[in-house]
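*Asks:* Mind having a look at this structure? Questions to follow.
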Amino acid sequence: MDTNTIVAIATPPGFGALGVIRISGIESIAIATKLFDGKKLQEQSGQTLHFGRIRNLKGELLDEVLVSVFRTPHSYTGEDVIEISCHGSPFILQEILQTLVDAGAKLAKPGEFTLRAFLNGKLDLSQAEAVADLIASESKAAHDIALNQLKGGIKNQIQLLRLELLNFISLIELELDFGEEDVQFADRSKLRNLLKEILFEIQKLNGSFHLGNAVKNGIITVIAGRPNAGKSTLLNALLNEERAIVSEIAGTTRDTIEEKLNIQGVLFRLIDTAGIREAQDQIEALGVQRTMEKIAESSVLIYVFDVIKTSKIELHRDLQSLIKPGQPFLVLANKMDLNPTIDYETFTDINLDKENIIPCSAKNAMNIEYLKSRLYQVAIGNQSISTDLIVVNARHQGALNKAAQNLQEAISGIETNLQTDLLAQSIRQALYNLSEISGEITNDEILGNIFGKFCIGK
Ligand code: GDP
0 MDTNTIVAIA
10 TPPGFGALGV
20 IRISGIESIA
30 IATKLFDGKK
40 LQEQSGQTLH
50 FGRIRNLKGE
60 LLDEVLVSVF
70 RTPHSYTGED
80 VIEISCHGSP
90 FILQEILQTL
100 VDAGAKLAKP
110 GEFTLRAFLN
120 GKLDLSQAEA
130 VADLIASESK
140 AAHDIALNQL
150 KGGIKNQIQL
160 LRLELLNFIS
170 LIELELDFGE
180 EDVQFADRSK
190 LRNLLKEILF
200 EIQKLNGSFH
210 LGNAVKNGII
220 TVIAGRPNAG
230 KSTLLNALLN
240 EERAIVSEIA
250 GTTRDTIEEK
260 LNIQGVLFRL
270 IDTAGIREAQ
280 DQIEALGVQR
290 TMEKIAESSV
300 LIYVFDVIKT
310 SKIELHRDLQ
320 SLIKPGQPFL
330 VLANKMDLNP
340 TIDYETFTDI
350 NLDKENIIPC
360 SAKNAMNIEY
370 LKSRLYQVAI
380 GNQSISTDLI
390 VVNARHQGAL
400 NKAAQNLQEA
410 ISGIETNLQT
420 DLLAQSIRQA
430 LYNLSEISGE
440 ITNDEILGNI
450 FGKFCIGK
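To convert, note that position 171 of the sequence shown is 170 in numbering that gives the first Met the number 0; the numbers rise steadily by one, no gaps.
Structure below.
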């Protein structure tokens, strides 16, 4: 590991009430001492805070500051760490940073503090990744998932699965030790069941990725329908404000508009699209094409139709062409205010769950709260985001996938009386895959990839 003492500004660029500079490494206290006019930092114990002045190496006063002292191993990185809390002026921050570099610190690379925390065993790799997710989280749900992972949710589960596999492999390897004697200590059907249980847990984790990824990035929700169905009005009603252009001229929302909506702590990215119909000109044709692309990328589709103007045949045709098998969707019977007694349910003669057809008046914001609750339900279902283990990281999902494949091979191997050494090989491979998630097995390229995406100072 790099043993340099590193330094970086930890707060975002720009002016603020406070700015923080962080130093980590064996020399951090000695280096900070060269700038600090106050108590002798080298004599201070860990987790203490000291007021004083910071001067550059020529002795010129830069700012009045608070300095926090953390001593190894009780710090974020596990090393000696100093945090200087100064006034949030980009000029002061730069001057202090430069002075610390002049005094012997090296500028930190992106994510280098967290990398050190990982290398010093303060965090496993899944927790280090959770730090980045926590900073980037835009909603309560994304925050809950990241926090759960940071607290060790994924780490503990992976450790548990690894332990079970290790027990398994020790039995198998005992048989191998007996070489030619062809003994079987381990009851094959028990082994098979055990592997199936582990596989089930891995698949459960893996299955959560679809939701986890959607929650992390915001659930892409496309609002589609014919021109003038009321899509823009609906978007405004959902957002409770005037954003999208509402107009009586058909085909006005030519391109897509995206807005964010928070429902019960989950971020939905609402995308209002150009109306679907036979395009009147080239720009509109492009809009329709874009709508179809957006629908293909969406997690949830809200199809809006005008209950007065839409014929059953048109509706039928639209639903047939838009809704793909397995696609979560809602059908919104809009403009119910114009004819409240209309039997909107009979419009949809294709087989639809009645709960998914919602009568509403976008213009009068009628039934919008119900729509939001249904939207949450079709996107999230009954999963508890704050307590369930949810995988949000594509790297973890990739490793879980590989582990599942290897376990599947081992299970088939048991069923076909495969040689013990080949069986052991598949299981060792699955163990390896799980170790990649926690970072017990890793390499510079993987680490570079993960930490390179962090911000500097983290
Ligand atoms: P879009 O083309 O699907 O985005 O439709 P707009 O939102 O621009 O609405 C088209 C027209 O329908 C506008 O004149 C809206 O005021 C009107 N409209 C939208 N929703 C309703 C509704 O629930 N009731 C009534 N009466 N008019 C609506």
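Just so it is clear, CB atoms sit at the ideal spot from N, CA and C, and this is done for glycine as well. In this text, all values refer to a predicted model and were calculated from it rather than measured experimentally.
Can you look up R225 in the DSSP assignment and give me helix, strand or coil?
*Replies:* Residue mapping note: residue 225 aligns to position 226 of the sequence shown, counting from 1. Here R225 sits in coil by DSSP.
*Asks:* Answer yes or no: the CB of A228 versus the heavy atoms of the ligand GDP, is any distance below 7 Å?
*Replies:* Within the sequence shown, numbered from 1, the residue matching residue 228 stands at position 229. Yes, the beta carbon of A228 sits closer than 7 Å to at least one heavy atom of the ligand GDP.
*Asks:* Going by the beta-carbon positions, is the gap between D36 and R21 smaller than 8 Å?
*Replies:* To locate residue 36, count along the sequence shown from 1; it is residue 37. To locate residue 21, count along the sequence shown from 1; it is residue 22. The answer is no: Cβ separation not under 8 Å.
*Asks:* Using 8 Å as the cut-off, can you tell me whether the segment 128-135 makes contact with the segment 146-153, which would need three or more C-beta pairs spanning the two stretches below that distance?
*Replies:* In short, these stretches touch, since the Cβ pair count reaches three.
*Asks:* Mind checking who K259 pairs with in its DSSP beta bridge?
*Replies:* Within the sequence shown, numbered from 1, the residue matching residue 259 stands at position 260. Answer is R268, bridged to K259.
*Asks:* Any beta carbon of chain B sitting closer than 8 Å to that of L399?
*Replies:* Checking the listed chains, one finds no chain B in this structure; it contains a single protein chain.
*Asks:* For the alpha helix (DSSP H) that T98 lies in, which residues bound it at each end?
*Replies:* As a working note, residue 98 is residue 99 in the sequence shown. T98 -> alpha helix (DSSP H) spans 89-101.
*Asks:* Does the ligand GDP have even one heavy atom less than 7 Å from the beta-carbon of K308?
*Replies:* Here residue 308 is taken as the residue at index 309 of the sequence shown, counted from 1. No, since every heavy atom of the ligand GDP falls outside the 7 Å radius drawn around the Cβ of K308.
*Asks:* Out of Y302, Q326, G325, N227, which one is the CA nearest neighbour of R316?
*Replies:* Working through the sequence shown from its first residue, we reach residue 316 at position 317. Checking every option, the nearest Cα to that of R316 belongs to Y302.
*Asks:* Measure from the alpha carbon of S298 to the alpha carbon of each residue in T386, N212, Q158, then state which is nearest.
*Replies:* If you number the sequence shown from 1, residue 298 lands on position 299. Checked all of T386, N212, Q158; the closest Cα to S298 is N212.
*Asks:* Please report the residue range of the beta strand (DSSP E) in which S67 lies.
*Replies:* Position 68 of the sequence shown, counting from 1, holds the residue named residue 67. Taken as a continuous stretch (DSSP letters only), the beta strand (DSSP E) holding S67 covers 60-69.
*Asks:* Quick one: what's V330 bridged to in DSSP?
*Replies:* Within the sequence shown, the letter at position 331 stands for residue 330. V330 is bridged to Y302, I356.
*Asks:* With hydrogens ignored, establish whether the beta-carbon of L165 is closer than 7 Å to any heavy atom of the ligand GDP.
*Replies:* Taking the sequence shown and counting its residues from 1, one reaches residue 165 at position 166. L165: no, Cβ never under 7 Å from the ligand GDP.
*Asks:* Among L399, I410, I5, which one has its Cα closest to the Cα of L204?
*Replies:* As a position in the sequence shown, residue 204 is number 205, starting the count at 1. Comparing Cα-Cα distances from L204 to each of L399, I410, I5, the minimum goes to L399.
*Asks:* May I ask whether a heavy atom of the ligand GDP can be found less than 7 Å away from the beta carbon of L210?
*Replies:* The sequence position of residue 210 within the sequence shown is 211, counting from 1. Not under cutoff, so the answer is no.
*Asks:* Can you check DSSP and say which residues form a bridge with R52?
*Replies:* Translated into positions along the sequence shown, residue 52 becomes position 53. Beta-bridge pairing links R52 to D36, E63.
*Asks:* My understanding is that S498 touches R161, with C-beta atoms under 8 Å, so please give their C-beta distance in whole angstroms.
*Replies:* Limits of the chain in this structure are 0 at one end and 457 at the other, which puts residue 498 out of reach.
*Asks:* In the DSSP assignment, find the unbroken beta strand (DSSP E) run with L17 in it and report its ends.
*Replies:* Taking the first residue of the sequence shown as 1, we reach residue 17 at position 18. Residues 15-23.
*Asks:* Is there at least one non-hydrogen atom of the ligand GDP closer than 7 Å to the beta-carbon of T232?
*Replies:* Residue numbering aside, residue 232 sits at position 233 when the sequence shown is read from its first letter. Yes - the ligand GDP has a heavy atom lying nearer than 7 Å to the Cβ of T232.
*Asks:* Assuming E78 and R54 make a contact with CB atoms under 8 Å, what is their CB distance in whole Å?
*Replies:* In the sequence shown, the residue the question calls residue 78 occupies position 79. In the sequence shown, the residue the question calls residue 54 occupies position 55. In fact, because the Cβ distance is near 25 Å, the residues do not count as touching under 8 Å.
*Asks:* Which residue marks the beginning of the alpha helix (DSSP H) containing V377, and which one marks its end?
*Replies:* Along the sequence shown, read from residue 1 onward, the residue named residue 377 stands at position 378. Element bounds for V377: 367-379.
*Asks:* Within the continuous beta strand (DSSP E) that includes V6, where are the two ends?
*Replies:* Looking up residue 6 in the sequence shown gives position 7. V6 -> beta strand (DSSP E) spans 5-8.
*Asks:* According to DSSP, simplified to helix, strand and coil, what is L122?
*Replies:* What you label residue 122 is simply residue 123 of the sequence shown in a count that begins at 1. The answer is coil: DSSP assigns L122 none of H, G, I, E or B.
*Asks:* Quick check on the DSSP output: the alpha helix (DSSP H) that includes V214 runs from which residue to which?
*Replies:* Walking along the sequence shown from the start, residue 214 turns up at place 215. V214 -> alpha helix (DSSP H) spans 208-216.
*Asks:* When the Cα atoms are used, what is the spatial distance from L92 to A104?
*Replies:* Position 93 of the sequence shown, counted from the first residue, corresponds to residue 92. Position 105 of the sequence shown, counted from the first residue, corresponds to residue 104. Approximately 15 Å between the Cα atoms of the pair.
*Asks:* Within the present structure, is the beta-carbon of S88 separated from the nearest heavy atom of the ligand GDP by less than 7 Å?
*Replies:* Translated into positions along the sequence shown, residue 88 becomes position 89. Checking the Cβ of S88 against the ligand GDP gives no.
*Asks:* Which of helix, strand or coil does DSSP assign to S27?
*Replies:* By one-based count along the sequence shown, residue 27 stands at place 28. Helix.
*Asks:* Could you name the residues of the same chain whose beta carbon sits closer than 7 Å to that of I307, not counting the 5 residues immediately before and after it, in chain order?
*Replies:* By one-based count along the sequence shown, residue 307 stands at place 308. Excluding sequence neighbours, I307 sits near K334, L337, N338.
*Asks:* Measure from the alpha carbon of T272 to the alpha carbon of each residue in A9, E292, F199, then state which is nearest.
*Replies:* In the sequence shown, the residue the question calls residue 272 occupies position 273. Checked all of A9, E292, F199; the closest Cα to T272 is E292.
*Asks:* Which word fits I312, buried or exposed, when buried means at least 16 other C-beta atoms lie within 10 angstroms of its C-beta?
*Replies:* Residue mapping note: residue 312 aligns to position 313 of the sequence shown, counting from 1. Its Cβ having fewer than 16 others within 10 Å, I312 is exposed.
*Asks:* Helix, strand or coil for S437 per DSSP?
*Replies:* Here residue 437 is taken as the residue at index 438 of the sequence shown, counted from 1. Looking at S437 - three-state DSSP - the assignment turns out to be helix.
*Asks:* Grab the span of the alpha helix (DSSP H) containing E444 for me, first residue to last.
*Replies:* Counting from 1 along the sequence shown, the entry for residue 444 is found at position 445. Element bounds for E444: 443-450.
*Asks:* Determine the extent of the alpha helix (DSSP H) in which G45 is found, giving its start and end residues.
*Replies:* For this step, residue 45 is matched to residue 46 along the sequence shown. Careful: G45 lies outside any alpha helix (DSSP H) and carries neither H nor E.
*Asks:* Label N392 either buried or exposed according to how many other C-beta atoms from any shown protein chain fall within 10 Å of its C-beta, with 16 as the threshold for buried.
*Replies:* Walking along the sequence shown from the start, residue 392 turns up at place 393. When all chains shown are included, N392 counts as buried.
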